[in-house]
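Residue numbers (UniProt numbering): 1 to 127.
Quick reminder that beta carbons are idealized off the backbone N, C-alpha and C, glycines included.
For clarity, every value in this text was computed on a predicted model and none was experimentally measured.
Read through the structure below, which is laid out as structure tokens, and then see the notes.
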């Protein structure tokens, strides 16, 4: 069952989350990452939550850059309305669950020298 909730983060940035999706990626705007101990995590925002509005502006039809710029323009406070489905559903395959690293799976990891290329629909800046 999904539930909507609102959060107001006190500024200034960084807000402590990464956003993915948008109209240009045919994906809903979604929280894809949280900074441990960051403002977003402390407020109860969760990875996978859908962003329904930013500072009172509905995100339906908003492309990724518009959403990112709207968030960046909020200097004093950032007000978000989000939807959390509470089912543990992963909203995007580009954000798989994290698994512990063990010695046996280190061989399959990408070398550290590989450049960090953002996934489609995910901004490269932590907001």
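query: Can you give, in chain order, each stretch of the alpha helix (DSSP H) that sits fully within the stretch 20-79 and has at least 4 residues?; result: 39-42 and 64-72
query: Taking the beta strand (DSSP E) that residue 2 falls in, what are its first and last residues?; result: Unbroken run through residue 2: none, as it is neither H nor E.
query: What number of angstroms, rounded off, separates the C-alpha of residue 63 from the C-alpha of residue 43?; result: 25 Å
query: Decide if residue 11 is buried, meaning its Cβ has at least 16 other Cβ atoms within 10 Å, or exposed.; result: exposed
query: Residue 31 to residue 17, Cα distance in whole Å?; result: 7 Å
query: Taking 8 Å as the cut-off, decide whether the C-beta atoms of residue 81 and residue 53 are in contact.; result: yes
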